[in-house]
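Notes for the one structure printed next.
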Amino acid sequence: MRLKDKRTIVTGAASGFGRGIAQTFVREGAKVAIVDLDQAGAQKVAEELGEAAIAVKCDVSKADEVQAAVDETVSAFGGLDIVVNNAGWTNRNAPLMETDEDTFRKIYDINVLSIFHMTKTCVPLWRDAGAGVMINVGSTAGIRPRPGLTWYNSSKGAVNLMTKSLAVELAPDKIRVNCIAPVMGATGLLEQFMGMEDTPENRKKFIATVPLGRLSEAQDIANAALYLASDEAEFITGVVLEVDGGRTV
């Protein structure tokens, strides 16, 4: 088991990439807090995973709720070794002038401010422990942006760069920070990314831009997260790992 007894938080874990990461981590021996605003969905995933998982309701854009989620996880598991900042949001694909300020703020609150809150909450714990691992889920949108998602693209560019800066500053504390940049996958946000109905024809148009010829899947992202979280990656920090079938080449 590559994550035996590792105590972990995965945000946005009630569905999509987060659920896949949580499933894989539990399979590899970790204890996982399924953190999500969707309490019923989080509870369902936790029940599927058994004794190694707990469900924690949390709005990751709120500092007090992030603190409470970390406190609950530490109380349940006796500590915290790994955090995967997976929760994310986007505007619907549309011309940039059509996005209002409330939508812009929601994108940044969930995609960027959440990592600020998690960092402020977890770094003191990890400094005391002498180690810690943070994995942020960025996006190929922050590397090779597409029209219609300008504000989302910029938020993921912030996540990608924030990861590198955190890694450099926290390295003396033996805290590793890495990022996964997925290409678009079949998650709950797919239609928003596409800006059109999720039909075979519309998927085919996007898939044509991916050299390996398919969308990303939850297991692809989970496999990358597993490596970055494991001791096998103990000398890896500040990396933005593109899990994209060649999309950003």
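Using our numbering, read the sequence shown as starting at -16 and increasing by one per residue.
Heads up, the beta-carbon is just placed ideally off N, CA and C, and yes, glycines get one too.
Simplified DSSP assignment, three categories, for residue i
i	result
ARG(-15)	coil
ASP92	helix
ASP227	coil
LYS40	strand
ILE17	strand
PRO165	strand
LEU132	coil
PHE99	helix
LYS33	Here the sequence assigns Gly to residue 33, which means Lys is not the residue at that position. Three-state result, GLY33: helix.
Cα-Cα separation between residue i and residue j, rounded to whole angstroms
i	j	result
PRO128	GLU81	18 Å
GLY115	ASP156	9 Å
ARG2	ASP83	30 Å
PRO107	VAL67	17 Å
ILE17	LYS188	34 Å
Beta carbon of residue i nearer than 8 Å to that of residue j
i	j	result
VAL15	ALA35	yes
GLU217	GLY168	no
TRP134	LEU79	yes
ILE118	ALA212	yes
GLY71	VAL28	no
ASP64	LYS(-11)	yes
Presumed contact (8 Å Cβ cut-off) between residue i and residue j, rounded CB distance
i	j	result
ILE219	ASN143	So it is not a contact: roughly 16 Å between Cβ atoms.
VAL193	VAL166	6 Å
ILE204	VAL226	6 Å
ALA62	ALA112	Note that residue 62 corresponds to Gly in the displayed sequence, not to Ala. Correct: roughly 7 Å between the Cβ atoms.
Identity of the residues DSSP links to residue i by a beta bridge
i	result
MET117	VAL66, VAL160
ARG(-10)	LYS14
SER199	GLY168
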